[in-house]
Ligand code: PMP
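Here's what the structure looks like:
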């Protein structure tokens, strides 16, 4: 319903709530029924009594987390709802609180975030879209003109997804004044914007709800934590209709600890990168326009959206094709990545614009060997570009423990099984495992194009292991390590030098290993970890350099 302009509405927002929700007797959890006292035996909630970190239900009201959010945002705790399925949860609950299924309707800007429409359909609420202008600006009069007596909600996303622009907060306040319903402003991307938040307007508008999330600037999309801010009466309604324990305990703790860590400069970097990406993409021959952004993504109008989208996929880059959305014809939505990812994206767009071949997706570097002698039978495989699916079983448990350091710390995949003559001793197993692993590594390295070639690490932890590696091709092992025990577990320590000699020979690399330490287990582990770190640095490929890392032109 439309109110006369300039009418300041301070009417009771509870008037707009569905009668069944107002009358609702919410579920009381076991802990809600207890009002404090010195309890040491908790037998009220049918939980497991065995402590394991998650055996107790979490705080259903998230009091500590709300305190932290209240400090962070400068709002009262009573004005906060926290959702455990992100701010998407708040979107759904907003319909459930205010809209009578089959009767009420919601009005929203278009193009905008798709969940408002889906949640309306789930709740059997009519959804009316009002198109933004060609430059994505907002005409509040036409929004209000689309409302009627049954319009309970207006949805505004600011900065708007997928257009990227934020709306003027004064205009939004004026809209809240003139609308006799609930104005929901979704500020999922507000941390990237310099145009301000509506949080401070909450005190002036009891019909305003502001949504925010930890999924974007705060980097916690995996934790699914979003917020609704509103006057205490509306915030309390969310608390009544939500599921009793809607935010799990580990998430509550994790979000609090990450709030304490702060934003760590990522927002500034994303903002700088958004400007750089926008300038560079505008120069590509396939880009017609990059729209201004107040968010961490760019809406990019291209010559042929489907074609550019697929060409980017050929370059290993996935963006969102928004060209089928009304108002976004011909547009791709490109999230701002790390500086290195943005470099690749800029290069890929430039190539598409010039009609050049796409950025080559380099094949993964894999090597494998099956090696059987009268002493051992070994299958070894490595993947220098993928860390998943490692498996190691040499028959020597301590050696396995050491070898696992390689996939873990080098970020590569290693599959290695050995059936060796351990009834003789450990020698053949250790020597042949090193040779097979080295052979597989050498094959995976191939012609070594684009690799960094050298790796090193500084001394690490109390065992001071240092491993220097050169993958140039000349073979050497400088070994300066003294073990004081003959064995660690089932593995003879004198064999480690021999292991690395065999590995260096098979891999064709130069290794300098020196280590000191009191504890022989730590000493060996530090050597393998340092080896893995050195290897990780040396096999890393520069995305733009496909040359041989040698002044001789061959390695
Ligand atoms: N609002 C907007 C505008 C969004 O773009 C998104 C996520 N893409 C959300 C809300 C939902 O965020 P959350 O991860 O908190 O559910």
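Residue numbers (the working numbering): 84 to 638.
No residue lacks a Cβ here, since even glycine has one placed at the ideal position from N, Cα and C.
Item: DSSP on residue 232, reduced to helix/strand/coil?; Value: coil
Item: Between residue 244 and ligand 1, is there a pair consisting of the residue's CB and a ligand heavy atom that are separated by less than 7 Å?; Value: yes
Item: Compute every distance between the C-beta of residue 240 and the non-hydrogen atoms of ligand 1, then say whether any falls below 7 Å.; Value: yes
Item: Between the C-alpha atoms of residue 449 and residue 588, what's the straight-line distance to the nearest angstrom?; Value: 19 Å
Item: Three or more C-beta pairs closer than 8 Å, one from the stretch 297-311 and one from the stretch 341-354: is that the case here?; Value: yes
Item: Can you round the beta-carbon distance between residue 170 and residue 306 to whole angstroms, since I take them to be within the 8 Å contact cut?; Value: In fact, because the Cβ distance is near 12 Å, the residues do not count as touching under 8 Å.
Item: Within its chain, find whatever has a CB closer than 6 Å to the CB of residue 102; leave out the 5 residues flanking it on each side and keep chain order.; Value: none
Item: Got a sec? Which residues, its chain only, sit under 6 Å from residue 288 by beta carbon, not counting five neighbours each side?; Value: 259
Item: Using a Cβ-Cβ cut-off of 8 Å, state whether residue 630 counts as contacting chain B.; Value: Although the question refers to chain B, the structure presented lacks it and comprises just one protein chain.
Item: For residue 575, write down the residues that DSSP places opposite it in a beta bridge.; Value: 570
Item: Identify every residue that forms a DSSP beta bridge with residue 296.; Value: 309
Item: Could I get the ranges of all uninterrupted alpha helix (DSSP H) runs contained in the stretch 440-512, with 4 residues as the minimum, in chain order?; Value: 480-486, 488-493
Item: Expressed to the nearest angstrom, what Euclidean distance is found between the alpha-carbon atoms of residue 535 and residue 422?; Value: 19 Å
Item: Answer yes or no: do residue 235 and residue 99 have a C-beta to C-beta separation smaller than 8 Å?; Value: yes
Item: Buried or exposed, going by whether 16 or more other CB atoms sit within 10 Å of the CB of residue 117?; Value: exposed
Item: Does at least one heavy atom of ligand 1 sit under 7 Å from the Cβ of residue 298?; Value: yes
Item: At which residues does the alpha helix (DSSP H) containing residue 332 begin and terminate?; Value: 332-344
Item: DSSP on residue 193, reduced to helix/strand/coil?; Value: strand
Item: Across the stretch 489-506 and the stretch 425-438, are there enough close Cβ pairs to call them in contact, namely three or more that are closer than 8 Å?; Value: no
Item: Give a yes or no on contact between the stretch 550-563 and the stretch 588-607, applying the rule of three or more CB pairs nearer than 8 Å.; Value: yes
Item: Out of 544, 199, 214, point me to the one whose CA is closest to residue 207's CA.; Value: 199
Item: My understanding is that residue 596 touches residue 564, with C-beta atoms under 8 Å, so please give their C-beta distance in whole angstroms.; Value: 6 Å
Item: I'd like the list of long-range same chain contacts for residue 625, defined as Cβ closer than 6 Å, with 5 residues on each side in sequence excluded.; Value: 533
Item: Which residues share a DSSP beta bridge with residue 164?; Value: 311
Item: Roughly how many whole angstroms lie between the Cα atoms of residue 112 and residue 324?; Value: 13 Å
Item: Look at the alpha carbon of residue 461 and the alpha carbon of residue 453, and state the distance between them as a whole number of angstroms.; Value: 6 Å
Item: Terminal residues of the continuous alpha helix (DSSP H) containing residue 176?; Value: 170-181
Item: DSSP three-state label for residue 385, please.; Value: strand
Item: Is the beta carbon of residue 274 within less than 7 Å of some heavy atom of ligand 1?; Value: no
Item: Tell me which residues share the same chain as residue 168 and place their Cβ nearer than 6 Å to its Cβ, disregarding the 5 neighbours each side in the sequence.; Value: 307
Item: Among the residues of its own chain, which have a CB less than 8 Å from the CB of residue 608, if the five just before and after it don't count?; Value: 484, 485, 488, 546
Item: For ligand 1, is there any heavy atom lying closer than 7 Å to the beta carbon of residue 171?; Value: yes
Item: Do residue 196 and ligand 1 come close, with the Cβ less than 7 Å from some heavy atom?; Value: yes
Item: For residue 309, is the beta carbon positioned less than 7 Å from some heavy atom of ligand 1?; Value: yes
Item: Examine ligand 1 and report whether any of its heavy atoms sits within less than 7 Å of the Cβ of residue 269.; Value: yes
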